[in-house]
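Each residue of the sequence shown is one higher than the last, beginning at 0 in numbering that gives the first Met the number 0.
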Amino acid sequence: MRRFLQLCALALLAGCATTVTPPPSAEGWQALKLPGKPLTRYSWTEKAGRPALEALSERSASLWRKRLDPAVTSVGEVSFSWWVQDLIPGASVADAQREDAVARVIFGFGGDIDTLPLRTRMKFELAQTLTGEMPPYATLMYVWDSKLPVGTVVVNPRSDRIRKIVVDSGPTELRRWRDHRRDLAADFRLAFGEAPGPLISMAVMTDSDNTRASAHTWYGPVELH
0 MRRFLQLCAL
10 ALLAGCATTV
20 TPPPSAEGWQ
30 ALKLPGKPLT
40 RYSWTEKAGR
50 PALEALSERS
60 ASLWRKRLDP
70 AVTSVGEVSF
80 SWWVQDLIPG
90 ASVADAQRED
100 AVARVIFGFG
110 GDIDTLPLRT
120 RMKFELAQTL
130 TGEMPPYATL
140 MYVWDSKLPV
150 GTVVVNPRSD
160 RIRKIVVDSG
170 PTELRRWRDH
180 RRDLAADFRL
190 AFGEAPGPLI
200 SMAVMTDSDN
210 TRASAHTWYG
220 PVELH
């Protein structure tokens, strides 16, 4: 049971290039380690003429995150972009044993954790013990999956407080910039069936620890509108 809860807690938190000076959009972003996981390497660089955050995962999983002030951050539209080199064979964001993704953009939302079921609150408390901070009340991820159709909404197999929306799928769009603009509030309602609470964080994540594989991705700025 403890091992299962640890995995749930981890889930909740939920070409070579030359390193360059971080762009203005890099301010406030920093690495977030997941307990017991090797770090994915993140570095500021350029890719195909654009400033980018390079993510190199070697059997690793960690986030690059920015905290937000919910008092001044509105939940509206968001734009982001990514460039993926290759997919991870066998990975699936819907399978707890193979739950890796070459690209994720992640948003954390506040809310009343005391209203959640006891089992969920136990997972949150364990996550807080392991990491020193309480997970978001709800987490919405945009992901690139190997096979699931675009538009698929996935409930995280280890915690229903994490939902994912597939916005790219399969190998067709690999090795070029993919630009996305989404209505974050509408997508939250689609995924969770309720209105979003305050937006408290945003992050990117490339992970390959469950499949024991590797992944190489570049992210453009994540911008709120």
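The beta-carbon is built from N, C-alpha and C at its ideal position, and this holds for glycine as well. Please read these numbers as outputs of a predicted model, since none were measured by experiment.
Boundaries (first-last residue) of the alpha helix (DSSP H) holding residue i
{"i": "Q127", "result": "117-130"}
Terminal residues of the beta strand (DSSP E) in which residue i lies
{"i": "R188", "result": "Counting along the chain, R188 falls outside any beta strand (DSSP E), though it belongs to the alpha helix (DSSP H) covering 183-191."}
{"i": "L147", "result": "Note, L147: premise wrong, no beta strand (DSSP E); not H, not E."}
{"i": "V83", "result": "76-83"}
Backbone secondary structure at residue i - three-state DSSP
{"i": "T216", "result": "strand"}
{"i": "P50", "result": "strand"}
{"i": "A25", "result": "helix"}
{"i": "D113", "result": "helix"}
{"i": "L55", "result": "strand"}
{"i": "S207", "result": "coil"}
{"i": "E45", "result": "strand"}
C-alpha gap between residue i and residue j, whole angstroms
{"i": "A95", "j": "N155", "result": "8 Å"}
{"i": "D113", "j": "F123", "result": "11 Å"}
{"i": "Y41", "j": "G219", "result": "13 Å"}
{"i": "M140", "j": "T20", "result": "28 Å"}
{"i": "F3", "j": "N209", "result": "In this prediction, F3 scores a pLDDT of 49, lower than 50, which makes its location untrustworthy; no coordinate-derived value is stated."}
{"i": "S213", "j": "F79", "result": "23 Å"}
{"i": "L55", "j": "H215", "result": "5 Å"}
Counterpart residues of residue i in DSSP-defined beta bridges
{"i": "L162", "result": "Before going on, a small fix: residue 162 reads as Arg here, not Leu. Partner(s): L139, V154."}
{"i": "G89", "result": "G89 pairs with nothing; no bridge assigned."}
Option nearest residue i by Cα separation, candidates the options
{"i": "L189", "options": "R162, A54, G196, L147", "result": "R162"}
{"i": "R157", "options": "E132, G150, R118", "result": "R118"}
{"i": "P226", "options": "H215, V152, S200", "result": "Outside the shown range of the chain, which is 0 to 224, sits residue 226, and nothing can be said about it."}
{"i": "E76", "options": "R175, R174, T216, D186", "result": "D186"}
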